[in-house]
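Enquirer:
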Amino acid sequence: MVPLSWYLVFSAALFSIGVFGVLSRRNAVAILLGIELMLNAVNVNLAAFWRYGDVTQMAGQVFAIIVFAVAAAEVSVGLALVISVYRKRSTVIADEIDMLKF
Amino acid sequence: MTTETLIWLIPLPPILAFFLIVLFTNRNKALSHIIAVGAALLSWLGSMIVFLRAIGVEHLGEHPFESSINWLPTGDTWFRIGILIDPLGAVVLFFVSITIFMIFLYSVGYQNFGQPDGDHDVKGLPPHGATIEEHGRKHTVPSVEPMYSRFFAFLGLFAFGMYVLVVSDNLLTLFVGWEIMGLCSYLLIGFWYGKKSARDAAVKAFITTRVGDVFMLLGIAYLYSVTGTLSFREIFTEDVLHTLATIPSGVLGFSSAGLIGLLLFIGTVGKSAQFPLHVWLPDAMEGPTPVSAMIHAATMVSAGVYAVIRMFPLLSLDPATMTVVAFIGAFTALFAATIAVAQNDIKRVLAYSTISQLGFMIAALGIGAYVAAAFHLVTHAFFKALLFLGSGSVIHGIEHGALHTGNHHVDPQDMFNMGGLKKKMPITFWTFLIGGFALSGFPIITAGFWSKDEIFADAFAHHQYLVFATLAVAAFLTAFYTMRQITLTFLGEARTKEAEHAQETRWTMTTPLIILSVFAVTLGWVGIPEHFPLLGGLVPNWLHEFVGGTLAKHPEAVEFSIVPLLTSLLVALGGLGLGYLVYRNVNSAAEDKLQLVFLKNKYYFDEIYDVIIIKPVTWFADKVVYQIMDKGFIDGVLHLFGPGTQGLGDTIRNYFDLPIINRFFGDGSANLTFWSGGKLRVIQTGRIQNYLMLALIIFLAVGAALYFFVLA
Chain U
1 MVPLSWYLVF SAALFSIGVF GVLSRRNAVA ILLGIELMLN AVNVNLAAFW RYGDVTQMAG
61 QVFAIIVFAV AAAEVSVGLA LVISVYRKRS TVIADEIDML KF
Chain R
103 MTTETLIWLI PLPPILAFFL IVLFTNRNKA LSHIIAVGAA LLSWLGSMIV FLRAIGVEHL
163 GEHPFESSIN WLPTGDTWFR IGILIDPLGA VVLFFVSITI FMIFLYSVGY QNFGQPDGDH
223 DVKGLPPHGA TIEEHGRKHT VPSVEPMYSR FFAFLGLFAF GMYVLVVSDN LLTLFVGWEI
283 MGLCSYLLIG FWYGKKSARD AAVKAFITTR VGDVFMLLGI AYLYSVTGTL SFREIFTEDV
343 LHTLATIPSG VLGFSSAGLI GLLLFIGTVG KSAQFPLHVW LPDAMEGPTP VSAMIHAATM
403 VSAGVYAVIR MFPLLSLDPA TMTVVAFIGA FTALFAATIA VAQNDIKRVL AYSTISQLGF
463 MIAALGIGAY VAAAFHLVTH AFFKALLFLG SGSVIHGIEH GALHTGNHHV DPQDMFNMGG
523 LKKKMPITFW TFLIGGFALS GFPIITAGFW SKDEIFADAF AHHQYLVFAT LAVAAFLTAF
583 YTMRQITLTF LGEARTKEAE HAQETRWTMT TPLIILSVFA VTLGWVGIPE HFPLLGGLVP
643 NWLHEFVGGT LAKHPEAVEF SIVPLLTSLL VALGGLGLGY LVYRNVNSAA EDKLQLVFLK
703 NKYYFDEIYD VIIIKPVTWF ADKVVYQIMD KGFIDGVLHL FGPGTQGLGD TIRNYFDLPI
763 INRFFGDGSA NLTFWSGGKL RVIQTGRIQN YLMLALIIFL AVGAALYFFV LA
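In order, the protein sequence lines correspond to chains U and R. If you count by the numbering used here, then the first sequence holds residues 1 to 102, one letter each, in order. If you count by the numbering used here, then the second sequence holds residues 103 to 814, one letter each, in order.
Next comes the structure, spelled out in structure tokens:
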């Protein structure tokens with residue numbers, strides 16, 4: 001069987017790519033994609049720990065499914081916000097959306 | 103029902119009776135005494151069943167009835183309480199339950215149940231009598247006690263305390279029962295609280311026994327700290343006893359066993375009225391007579407002796423302690439007997455006689471005569487309860503005479519106001535005679551002879567000649583003052599009109615007398631030594647085998663010797679004979695040659711205590727504690743506090759609160775926040791990626807710090 005550390009290295013890499021995407025991309029939709037990557041990295045971790053831990057305890061899998069659901073909900077809300085912003089300001093570039101500024 | 107369950111239940115009826123009477127039936131005299139006497143009857147029945155089952159068990163000493171439950175959590179373990187009936191417990195339960203029941207029954211008659219309410223009786227004073235009209239003639243009859251129900255409630259609580267003490271398997275619940283009885287003796291001695299003498303006596307009894315109890319509690323605490331347990335069965339194992347005997351206490355060269363034994367013994371000295379804490383007991387006569395019997399025979403003073411007998415395996419570890427015990431016992435026996443000779447109050451004679459007899463038991467224990475002490479405890483409980491109840495009957499008879507003649511100034515307890523009561527009160531006379539003879543140790547037929555003889559035999563066999571001689575003199579005096587009492591009270595001619603008109607009391611009072619007198623005679627037969635001439639071996643020495651089985655090492659029955667037997671015969675018969683000869687013709691206190699002034703005044707012990715303890719203590723309390731400490735020091739300090747704190751408050755406000763708290767911290771923090779807010783606003787760019795970048799940097803910085811400084 002593939003050792004656990006491989007999964008962890010993989011998910012850490014995935015997470016890092018996600019972080020990089022969130023921080024470096026200027027497009028708000030791409031930022032949401034980065035967030036998705038980070039969430040999926042977490043899911044890989046959850047599934048891997050479940051598999052290598054006590055298999056009879058279903059918490060790892062169940063938790064991963066909950067993360068799916070949350071991610072789907074979050075992305076739908078996020079995209080709705082992006083569309084709403086685009087309608088008002090005609091832009092999806094994150095740097096230009098600085099309405100939070102004092 | 104298992105025997106263990108039954109033993110748990112024995113103390114219950116009296117305490118239930120107490121609460122029922124106090125809470126619900128206080129106004130109904132008949133119901134109250136039915137509840138109380140019924141409760142005593144139930145406990146008696148339970149005790150009898152337990153006793154009968156106990157004597158049927160072989161080797162009860164090794165396998166007693168016991169059961170215990172967790173009570174107090176003490177760290178990882180529990181402090182357990184429970185019940186234990188071993189041979190000693192069974193025998194004590196036997197006599198306690200019978201005497202308590204008899205006393206309850208007797209109280210119904212003594213407190214004049216069924217008589218009309220008094221003309222001018224008030225609560226807190228003895229009833230004065232009521233006038234009734236019969237066949238057109240007015241005459242005075244005894245009136246019922248105004249606080250009749252309360253009396254039975256207190257008796258119930260008292261009985262509860264004693265039962266708790268007897269069935270306890272550990273020192274702590276024993277002490278609880280012990281203190282309940284201390285409280286009850288206070289309440290009952292002061293039952294007629296309208297009399298100053300009764301109030302004083304109650305306080306005196308309470309405080310004097312408290313002196314002993316404090317030491318006893320110290321002993322219990324010390325024992326617990328050394329052994330970690332208070333259960334008798336756990337303490338009296340060889341390991342624990344060995345530990346106790348070897349650890350030095352650091353006080354006067356006693357081992358811990360010796361010191362603990364001594365402290366517990368001081369508790370007994372207080373409770374059983376041994377020298378030098380004996381002073382409360384004669385004054386306790388202020389209470390109603392059933393109370394005197396309760397305190398002196400059945401329960402409280404027996405409890406003291408019971409406690410030391412119980413702790414005998416511990417006491418006997420240190421010879422120094424045993425010497426102290428033997429000395430105190432023997433000295434008290436003689437000392438109290440001499441005072442008893444010069445007392446004229448019928449109950450006070452008995453009170454001193456009780457002190458003296460308890461001294462016999464303590465002395466017996468001190469010389470290692472375990473069984474003899476227990477034996478005398480049992481027989482003494484019966485004949486002393488009998489004598490007290492008999493004296494109550496006599497007093498009632500004389501009071502009846504006083505109601506008849508209308509002379510209320512005559513003291514119904516003064517023996518010189520009596521005489522010739524033999525014909526007027528035959529049942530009281532014969533039962534009192536039996537009790538008196540048992541107390542004197544009249545040979546062969548009375549119980550007192552056998553138990554006292556066993557003490558003599560033990561003292562002689564253990565070569566304790568000093569104790570032996572002291573006790574012999576005390577026994578002689580016992581017989582002497584007993585005969586003096588009987589002669590003055592019952593024999594000869596009536597010396598007052600009241601005595602002429604005395605009348606036998608009612609069946610509720612005489613029945614207990616008859617029953618107790620049966621025991622006062624027959625009870626000695628269970629302990630006849632095996633080698634006694636003629637009688638020995640006819641009945642086996644059951645008591646010795648049975649009670650001796652309580653100890654891990656069964657005590658050997660002593661060799662028969664003619665010397666103690668002759669001594670015993672001589673002092674008993676000699677004392678009785680001399681008493682009769684001397685007092686046959688004495689008609690007034692003035693003719694009594696033995697009214698020596700220092701005996702009459704009880705060796706001035708009350709006065710000595712007054713001078714060396716009470717006066718200095720009240721002086722100290724008044725002058726030092728009240729005047730100097732309280733008024734001068736404490737009040738002075740308090741008066742200083744007012745202005746002082748105000749000045750301090752002002753200073754703090756002006757020099758600390760206003761500049762530092764208000765200006766510096768209060769205003770300063772607001773200014774600082776305002777200023778730093780202005781500076782920090784520039785990093786609020788409103789760009790999400792700037793925030794995330796900042797979050798990542800801080801996360802990494804904190805993570806790195808944690809990794810290098812905390813985890814690594």
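We treat Cβ as the ideally placed atom computed from N, Cα and C, and that holds for glycine.
Tell me whether Gln786/R is buried or exposed, calling it buried when 16 or more other Cβ atoms sit within 10 Å of its Cβ.
Expert: By the 10 Å Cβ count, Gln786/R comes out exposed.
Enquirer: Are the C-beta atoms of Ile97/U and some chain R residue less than 9 Å apart?
Expert: Yes - at least one Cβ of chain R is within 9 Å of the one on Ile97/U.
Enquirer: State the Cα-Cα distance for the pair Ser772/R and Ser778/R, rounded to the nearest angstrom.
Expert: Residue identity check: residue 772/R is Ala in the sequence provided, not Ser. C-alpha separation (whole angstroms): 10 Å.
Enquirer: What number of angstroms, rounded off, separates the C-alpha of Ile109/R from the C-alpha of Leu122/R?
Expert: Computed Cα separation, rounded: 22 Å.
Enquirer: Would you kindly check if the distance between the Cβ of Leu383/R and the Cβ of Ile448/R is under 9 Å?
Expert: No, these two residues do not count as a Cβ contact at 9 Å.
Enquirer: Give the single residue among Val660/R, Ala444/R, Asp759/R, Asp302/R whose Cα lies nearest to the Cα of Val699/R.
Expert: Selected option, being the one with the closest Cα: Ala444/R.
Enquirer: Rounded to the nearest angstrom, what separates Gly177/R and Gly330/R at their Cα positions?
Expert: Each residue's Cα considered, the two are about 12 Å apart.
Enquirer: Inspect the CB distances between the region 174-194 of chain R and the region 367-375 of chain R and report whether three or more fall short of 8 Å.
Expert: As far as the Cβ criterion goes, the region 174-194 of chain R does not touch the region 367-375 of chain R, which means the pair count is below three.
Enquirer: Where does the unbroken alpha helix (DSSP H) through Ala435/R begin, and where does it stop?
Expert: First-last of the alpha helix (DSSP H) with Ala435/R: 421-443.
Enquirer: What is the C-beta distance between Ile529/R and Ile588/R, in whole angstroms, given that I count them as a contact (C-beta under 8 Å)?
Expert: Not a contact, Cβ separation roughly 15 Å.
Enquirer: Starting from Val817/R, trace the beta strand (DSSP E) in both directions and tell me its first and last residue.
Expert: There is simply no residue 817/R to check, as chain R begins at 103 and stops at 814 in what is shown.
Enquirer: What is the DSSP secondary structure of Ala232/R, counted as helix, strand or coil?
Expert: DSSP places Ala232/R in strand when its eight states are reduced to three.
Enquirer: Would you mind stating whether Pro116/R and Ala261/R have Cβ atoms separated by less than 9 Å?
Expert: Contact flag set, yes.
Enquirer: Extract the residue ranges of the alpha helix (DSSP H) inside the region 335-365 of chain R, only unbroken runs of 4 or more that lie entirely within it.
Expert: Counting only runs of 4 or more, we get 340-348.
Enquirer: Looking at C-alpha atoms only, which residue of Ile469/R, Leu419/R, Ile411/R is the closest neighbour of Glu340/R?
Expert: Answer by Cα proximity: Leu419/R.
Enquirer: Suppose you measure from the CA of Leu343/R to the CA of Pro113/R; what does that come to, to the nearest Å?
Expert: Between Leu343/R and Pro113/R, the C-alpha separation is close to 30 Å.
Enquirer: Could you tell me the alpha carbon to alpha carbon distance between Gly372/R and Gly314/R, rounded to whole angstroms?
Expert: Answer to the nearest angstrom: the Cα atoms are 4 Å apart.
Enquirer: DSSP three-state call for Arg182/R: helix, strand or coil?
Expert: Strand at Arg182/R.
Enquirer: Considering just the uninterrupted stretch of the alpha helix (DSSP H) at Thr533/R, what are its terminal residues?
Expert: Thr533/R -> alpha helix (DSSP H) spans 528-542.
Enquirer: Looking at the strands, I want to know which residues DSSP matches up with Arg239/R.
Expert: Arg239/R is bridged to Glu236/R.
Enquirer: If Leu667/R sits next to Asp555/R, beta carbons under 8 Å apart, how far is it from one beta carbon to the other, in whole angstroms?
Expert: Confirmed, Cβ separation roughly 7 Å.
Enquirer: Relative to chain U, which residues along the region 782-793 of chain R have a C-beta separation below 7 Å, given in chain order?
Expert: Within the region 782-793 of chain R, the residues whose Cβ lies closer than 7 Å to some Cβ of chain U are Arg783, Gln786, Thr787, Gly788, Arg789, Ile790, Gln791, listed in chain order.
Enquirer: Buried or exposed, going by whether 16 or more other CB atoms sit within 10 Å of the CB of Pro421/R?
Expert: Under this definition Pro421/R is an exposed residue.
Enquirer: Do Phe197/R and Val480/R come within 9 Å of each other at the CB atom, strictly closer than that value?
Expert: Cβ atoms of Val480/R and Phe197/R: closer than 9 Å.
Enquirer: Please name the residue, chosen from Ser663/R, Ile136/R, Thr580/R, that lies closest to Ala674/R on a Cα-to-Cα basis.
Expert: Considering only alpha carbons, the answer is Thr580/R.
Enquirer: The region 15-31 of chain U: which residues have C-beta closer than 9 Å to a C-beta of chain R, in chain order?
Expert: Listed by position, the residues of the region 15-31 of chain U near chain R (Cβ gap below 9 Å) are Val19, Val22, Leu23, Ser24, Arg25, Arg26, Ala28, Ile31.
Enquirer: Determine the chain R residues that contact Ala80/U at a beta-carbon separation under 8 Å, and present them in chain order.
Expert: Neighbours of Ala80/U on chain R: none; closest Cβ ~16 Å, over 8 Å.
Enquirer: For Leu274/R, decide whether its Cβ has a neighbour in chain U, counting only Cβ atoms nearer than 9 Å.
Expert: No - not a single Cβ of chain U is within 9 Å of the one on Leu274/R.
Enquirer: In this structure, how does DSSP classify Pro175/R when only helix, strand and coil are distinguished?
Expert: Residue state, collapsed to three classes: strand.
Enquirer: Of all the options Leu227/R, Val224/R, Pro248/R, Asp219/R, which has the alpha carbon lying nearest to the alpha carbon of Ile234/R?
Expert: Answer by Cα proximity: Asp219/R.
Enquirer: Leu808/R CB to nearest chain U CB: under 9 Å?
Expert: Judged by the 9 Å Cβ criterion, Leu808/R is not in contact with chain U.
Enquirer: Check the Cβ-Cβ distances between Ala59/U and every residue of chain R, and say whether any is below 9 Å.
Expert: With 9 Å as the cut-off, Ala59/U does not count as an interface residue toward chain R.
Enquirer: Against Ala94/U, what residues of chain R qualify as contacts under a CB-to-CB distance less than 9 Å, listed in chain order?
Expert: Result: Arg789, Ile790, Gln791.
Enquirer: So, with DSSP's three-state summary, where would you put Asn214/R?
Expert: Residue state, collapsed to three classes: coil.
Enquirer: Which residues does DSSP list as the beta-bridge partners of Asn27/U?
Expert: Per DSSP, Ile93/U.
Enquirer: Are the beta-carbon atoms belonging to Val407/R and Ser374/R less than 9 Å from one another?
Expert: Yes, these two residues count as a Cβ contact at 9 Å.
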